[in-house]
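*Asks:*
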Amino acid sequence: MNIFNFGTITVRHFVIILVIVINCIYSTSIPNKNDLFTINVTMKDYQTTQEDQYAYVQYKLPDEELTIVGYSPLTNMNSVHHMLTYACAKPGTNKQFWTAGATCDGEQMIIHGWARNAPALTLPEDVGFAVGRNTPYKYIVVNLHYLSILKNDNSGNQLIMSHTPRKYLAGVMLTGTSQIHLRPNTHTIRTPFSCQYDGPPISIFAARVHTHKWGSKYIYYLLFIFCFVAGRVNSLYRVRDGKISQIVKSDPQWPQSFYPITSAVEIKNGDYIVGQCVYDNNDNRVIEVGSTHNDEMCNIYVMYSYKPSRKSDDSSPSEMCWDNEFSQISSFIPPDSVVPPLKIADIGETNNGDGHHAHAEHAMNPLSGLDKEISNDDDQSYEDYIDEVENMRHRDKEPDNYDTKKILSHLGLPDYEYVDAHNYDYLLPSHLTYGKEQTVKLHNAKLMSSNLYTNTENWPDVKTLPVELGEIGGIALNNANNELIVFHRGSRKWEYKYFNEYRFRNEKYGPIEEDVLIHIDTRTGETKYRWGAKMFYMPHGLTIDHEGNFWVTDVAMHQVFMFKPNDLTHPALTVGEMFQSGSGPSQLCRPADVAVLKNGDFFIADGYCNSRIIKFNRKGEYIMEWGSEMTGQHDSDGYPLPNEWNIVHSIALNEDAQLLCGADRENFRIQCFNSNTGEFQRQIRIEKQDTIGAIYAIEFAPNTNGTILFAVTGGAQTLKKKVYMIDAQNGEVLTSFDSNPPLNAPHDITVSANAREIYVGELASIPANALHKFQISKLKDLPSQIYSRRNYLNDKNFRISLIIMAAFAFPVLIAIIVGCCIRIRNMRKLNHLNSYITDAKANRNDRSSVFGNWMNRRQGFERLEQFSDGENEPLDNNIDNDSSDETITIPSKQQGTVMNKTNNTNLFKINENL
């Protein structure tokens, strides 16, 4: 009895202790509302000194483990245009308040954004931003964009804090683009952006959109309210397995806060994120990206939660998706993306049935009261909505102004391979519904591009490009067209600090440390080879001649170099004097480009200072020159006189036509001359004088049926950078196209045989935007054998297929070998058995042997079991047909082989394991 009582008490105590432990664990995992406190990060009687001033204030967090769970802005739109709050390792300065410089020093994270009198925000109960002790974030910095000059301002942000950690960590991803160019008096201007997510799974539960606006309002088509220039709608989507799902679509003219998304959206590694901002510009000027309220922005901030990893080496969520990295993905954006939602409740994803599998507990209820304040009393009628969407889909397009067959004939390409680019059409939706929450189900309507050329997505392979790939001076294709060679400036930019007028300050700045020439596989986009480190000071032009020699120009050294392919460290020929500019026969001043004849003679565009083209023989000896500076006189067409130059920036040679053309960059024209005599032939103006921009580079297309010249425009004064295809014999522009994403700062162009591919190099600040490859886009679906040549062994997908095939084939091969070995072994056993039975039969009457029954006895063997599996046939169907007193029987599975003798029976017991 005592033992029973003791056991009962012990179990009771154990249960009580277990309940206490579980309660403690549960209590620590549930946030305590009484644990909350606030921190105010505000300006202190601050006075602005100018309009559109950006000001910062810092706050040092206490040395504790803290979690931010909400925000309550302490400002209004009359004072502040927008406000961003950051968690920082260190502030950008030691000052309490500052107006210029960096926001943070070291690791940083955007944790909140506010504009246009947006209300307070509280995060889901189990989500928070971890700051303070055991995190990189020791400071809070608030950045305020003031509209006007103010005095005694105390704007800022109030942070709602907790000492209790949350189950999920919060983060903010910034998406958007800086590629904004809004033409005057233009509607429905789209600025797409895209990227591929690389990180752990996240659940997006809130979003904030941001653009600028100014001017007076007016009503537009019963639906939209715009100012002279206004962002109409910002939208963001997820693309997974070829299917697009809406994350958020919101009106940037609403109060710009983080609005909750009704159904949290999961983003996992490998998903594509794509979005766009849509604008209407009713102003009479071009609007570009900028930080002031007179410029524009395109931002979508998404707030997400994720489960923290215990492994220190695990990747963290991506913090930015910027510009249009995967331009082809942007074609998935549905047509209704230009239609803004009517109320805040509609900003979330449309229910397309694919399921997001996000943290369901993170769904947040929309803020009450705001819908009534912003939306109309009645939903738009179904008919009006349908009319608006259909008008959008069937909007008029300007007819194309080129003849596909004519262009293909000029390029020497068979027209049966290509589709007429005029045959474009919309893929209209097959199902359309409209309800109270404005749910629109649409197919991925995609317009067939009317351009003859399209941008090649995911080219080049950015991962293999050098990190220090800088501004591109020149590009050229090798003679096999399988390598693009790029001449870039590495970490150096063309800035005034490097020059004293035309003289490079070589006493202060040395050569570029990085390899400035890289070889890129034209098919895969992978970097194959690099060279040229510590050899050049300011790279510019690049040409490859018929023998494969590399010709480069350096505008800092005032020299031109020729390198042979077998010696890339020592130039085989040098023209010009190092760091000495001049205008004599042996001197150059910032040479820009080179063109080479088949006999080795060559031309130099000595264009930045001397405004001339010089011809040399293959030994580098001066032959002739032509060209002069501007005189201020103009021809009857309004252009400067022929053979006057305002920067000879690029030259192109067609030896068969005896034609040498030069890009007269700042005169917005191309001038062509006889390559033998230097006699002026014609000038080419590719557009009207009031719309054309600076012509930066030109290149003849090889192996064509005519003198097909390609040109690319650039420069800050060029509103829309484009590529032009020109017949240089008569100056006719055959076609032109712009890029998507748009070209920003094109500097050089090169063309493959028959102009199947066009390459453009830019003065870009990041490698991802530096190079573009365009291909003729209307290739028909020809029989498969035409494309079989594309299955190269070095193709990544083909290699993966081979590996998978080998992985399956290897075990099959092993199984076949093992099976053969077993079969051979069994056949040997059967032959042995048959041989033994034959010998036994021959000796069955021999009783006089002294060995007697011993010879006929097989000790250690049992009876043989025969299985009827279709493989082992009977050992002997008829051993002795003449014998009447002996029977050989092949029994069933449960019987052995028995041989009977009438007078004297010899029983053979044969082991089944023989």
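Okay, so the sequence shown: first residue is 0 according to numbering that gives the first Met the number 0, each after it adds one.
Yeah, the Cβ is synthetic: ideal placement off N, Cα and C, and Gly gets one too.
Among H144, E265, G100, which has the Cα closest to the Cα of H211?
*Replies:* Here residue 211 is taken as the residue at index 212 of the sequence shown, counted from 1. The residue with the shortest Cα to Cα distance from H211 is H144.
*Asks:* Does the Cβ-Cβ distance between Y85 and Q49 come in under 8 Å?
*Replies:* As a working mapping, residue 85 is identified with position 86 in the sequence shown. As a working mapping, residue 49 is identified with position 50 in the sequence shown. No.
*Asks:* Am I right that D950 and Y167 are in contact with their C-beta atoms under 8 Å? What's the rounded C-beta distance?
*Replies:* Within the shown structure, residues of the chain are numbered from 0 to 913, placing residue 950 beyond reach of any answer.
*Asks:* What is the residue span of the alpha helix (DSSP H) that L407 lies within?
*Replies:* As a working mapping, residue 407 is identified with position 408 in the sequence shown. Start and end: 403-410.
*Asks:* By Cβ distance, which residues of its chain are closer than 7 Å to Q52, with the 5 residues on each side in sequence left out?
*Replies:* Translated into positions along the sequence shown, residue 52 becomes position 53. Excluding residues within five positions, the ones whose Cβ falls inside 7 Å are T98, Y145.
*Asks:* On the criterion of 16 or more Cβ atoms from any shown chain inside 10 Å, does L812 qualify as buried, or is it exposed?
*Replies:* As a first step, residue 812 is located in the sequence shown; it is residue number 813 there, counting from the start. By the neighbour-count rule (16 or more Cβ atoms within 10 Å), L812 is not buried but exposed.
*Asks:* Closer than 6 Å by C-beta to N666: which residues in its own chain qualify, once you throw out the five before and the five after it? Chain order, please.
*Replies:* Numbered from 1 along the sequence shown, position 667 holds the residue referred to as residue 666. Excluding residues within five positions, the ones whose Cβ falls inside 6 Å are P639, N645.
*Asks:* For V595 versus G626, is the C-beta distance shorter than 8 Å?
*Replies:* To locate residue 595, count along the sequence shown from 1; it is residue 596. To locate residue 626, count along the sequence shown from 1; it is residue 627. In this structure, G626 does not lie closer than 8 Å to V595 by Cβ.
*Asks:* DSSP beta-bridge partners for V264?
*Replies:* The residue given as residue 264 occupies position 265 in the sequence shown. According to DSSP, V264 bridges with I203.
*Asks:* Could you spell out the range, first to last residue, of the beta strand (DSSP E) harbouring K533?
*Replies:* As a first step, residue 533 must be located in the sequence shown, where it is residue number 534. No beta strand (DSSP E) contains K533, which DSSP labels as neither H nor E.
*Asks:* Please check the pair V551 and P538, which I expect to be a contact at CB under 8 Å, by giving their CB distance rounded to whole angstroms.
*Replies:* Within the sequence shown, numbered from 1, the residue matching residue 551 stands at position 552. Within the sequence shown, numbered from 1, the residue matching residue 538 stands at position 539. Rounded, the Cβ-Cβ distance is 7 Å, consistent with contact.
*Asks:* Just reading off the beta strand (DSSP E) that Y145 is part of, what are its end residues?
*Replies:* As a working note, residue 145 is residue 146 in the sequence shown. Y145 -> beta strand (DSSP E) spans 138-145.
*Asks:* Can you find a C-beta in chain B that's less than 8 Å from the C-beta of Y508?
*Replies:* Absent from the structure is chain B; it holds one protein chain and no more.
*Asks:* Check each candidate in S147, V485, I613, V559 and name the one with the smallest Cα separation from N293.
*Replies:* Numbered from 1 along the sequence shown, position 294 holds the residue referred to as residue 293. Of the candidates S147, V485, I613, V559, the one whose C-alpha sits nearest the C-alpha of N293 is S147.
*Asks:* Should P413 be labelled buried (16 or more other beta-carbon atoms within 10 Å of its own) or exposed?
*Replies:* Looking up residue 413 in the sequence shown gives position 414. The residue in question, P413, is exposed, as its Cβ has fewer than 16 Cβ neighbours within 10 Å.
*Asks:* Hey, could you find the ends of the beta strand (DSSP E) Q195 is sitting in?
*Replies:* Against the sequence shown, residue 195 aligns to sequence position 196. Residues 185-195.
*Asks:* Between the Cα of L137 and the Cα atoms of E756, K267, Y528, T66, which residue gives the shortest distance?
*Replies:* Numbered from 1 along the sequence shown, position 138 holds the residue referred to as residue 137. Sequence inspection shows Lys at residue 137; the Leu mentioned does not correspond to that position. Checked all of E756, K267, Y528, T66; the closest Cα to K137 is T66.
*Asks:* State the beta-bridge partners of S154 as determined by DSSP.
*Replies:* Residue numbering aside, residue 154 sits at position 155 when the sequence shown is read from its first letter. Beta-bridge pairing links S154 to no other residue.
*Asks:* With a CB to CB cut of under 8 Å and the five nearest residues on each side skipped, what residues in its chain are close to M160?
*Replies:* Taking the first residue of the sequence shown as 1, we reach residue 160 at position 161. Closer than 8 Å at the Cβ level, and outside the excluded window around M160, lie L35, F36, T37, I38, L65, T66, I67, V68.
*Asks:* Take the Cβ of N280 as the centre, count every other Cβ of all protein chains shown within 10 Å, and call the residue buried at 16 or more, exposed below.
*Replies:* In the sequence shown, counting from the first residue as 1, residue 280 sits at position 281. Flag for N280 reads buried.
*Asks:* For I201 and G714, I'd like the C-alpha separation in whole angstroms.
*Replies:* Counting from one through the sequence shown, the residue named residue 201 turns up at place 202. Counting from one through the sequence shown, the residue named residue 714 turns up at place 715. Roughly 41 Å separates the two Cα atoms.
*Asks:* Can you tell which of V277, V238, S290 has the C-alpha that lies nearest to the C-alpha of K267?
*Replies:* Here the question's residue 267 lines up with position 268 in the sequence shown. Of the candidates V277, V238, S290, the one whose C-alpha sits nearest the C-alpha of K267 is V238.
*Asks:* Is the CB-CB distance between K720 and P740 below 8 Å?
*Replies:* For the purposes of this step, residue 720 is taken as residue 721 along the sequence shown, with counting starting at 1. For the purposes of this step, residue 740 is taken as residue 741 along the sequence shown, with counting starting at 1. Against a cut-off of 8 Å, the Cβ pair of P740 and K720 comes out as no contact.
*Asks:* Could you work out which residue in P251, Y303, E470 is closest to E295 when comparing CA atoms only?
*Replies:* Your numbering for residue 295 matches position 296 in the sequence shown. Among P251, Y303, E470, the Cα nearest to that of E295 is on P251.
*Asks:* Which residues mark the beginning and the end of the beta strand (DSSP E) in which N280 is found?
*Replies:* As a working mapping, residue 280 is identified with position 281 in the sequence shown. Looking at the DSSP string, the run of the beta strand (DSSP E) that includes N280 is 271-280.
*Asks:* Tell me where the beta strand (DSSP E) around C671 begins and ends.
*Replies:* The residue you call residue 671 lines up with position 672 of the sequence shown. Element bounds for C671: 668-673.
*Asks:* Grab the span of the beta strand (DSSP E) containing Y452 for me, first residue to last.
*Replies:* Taking the sequence shown and counting its residues from 1, one reaches residue 452 at position 453. That run of the beta strand (DSSP E) goes 452-454.
*Asks:* Which value, in whole angstroms, describes the spacing of the CA atoms of P191 and E456?
*Replies:* Here the question's residue 191 lines up with position 192 in the sequence shown. Here the question's residue 456 lines up with position 457 in the sequence shown. Each residue's Cα considered, the two are about 14 Å apart.
*Asks:* Less than 8 Å between the CB atoms is what I'm expecting for F346 and S193, so what's the real figure, rounded?
*Replies:* Your numbering for residue 346 matches position 347 in the sequence shown. Your numbering for residue 193 matches position 194 in the sequence shown. Just to set this straight, residue 346 is Ile in the shown sequence, not Phe. Not really, about 20 Å apart at Cβ, beyond 8 Å.
*Asks:* Per DSSP, what kind of secondary structure is A129 in: helix, strand or coil?
*Replies:* Along the sequence shown, read from residue 1 onward, the residue named residue 129 stands at position 130. In this structure, A129 counts as strand in the three-state DSSP scheme.
*Asks:* Just mark N153 as buried or exposed, buried being the case when its beta carbon has 16 or more other beta carbons within 10 Å.
*Replies:* For the purposes of this step, residue 153 is taken as residue 154 along the sequence shown, with counting starting at 1. Flag for N153 reads exposed.
*Asks:* Who are the Cβ neighbours of V208 in its own chain at under 6 Å, not counting the five residues just before and after it?
*Replies:* Along the sequence shown, one-based indexing puts residue 208 at 209. Only N233, S249, P251, I299 meet the Cβ criterion.
*Asks:* Give the secondary structure of D922 by DSSP, where H, G and I count as helix, E and B as strand, and everything else as coil.
*Replies:* Examination of residue 922 is not possible in this model, given that the chain is present from 0 through 913 alone.
*Asks:* Give the secondary structure of G606 by DSSP, where H, G and I count as helix, E and B as strand, and everything else as coil.
*Replies:* By 1-based counting over the sequence shown, the position of residue 606 is 607. In the structure shown, G606 sits in coil (DSSP, three-state: anything other than H, G, I, E or B).
*Asks:* Of the residues F736, I707, T717, which one's Cα is nearest the Cα of A727?
*Replies:* Here residue 727 is taken as the residue at index 728 of the sequence shown, counted from 1. Nearest C-alpha to A727: I707.
*Asks:* How is the beta strand (DSSP E) around T98 delimited, first residue to last?
*Replies:* Here residue 98 corresponds to residue number 99 of the sequence shown, with the count starting at 1. Taken as a continuous stretch (DSSP letters only), T98 belongs to no beta strand (DSSP E), as it is neither H nor E.
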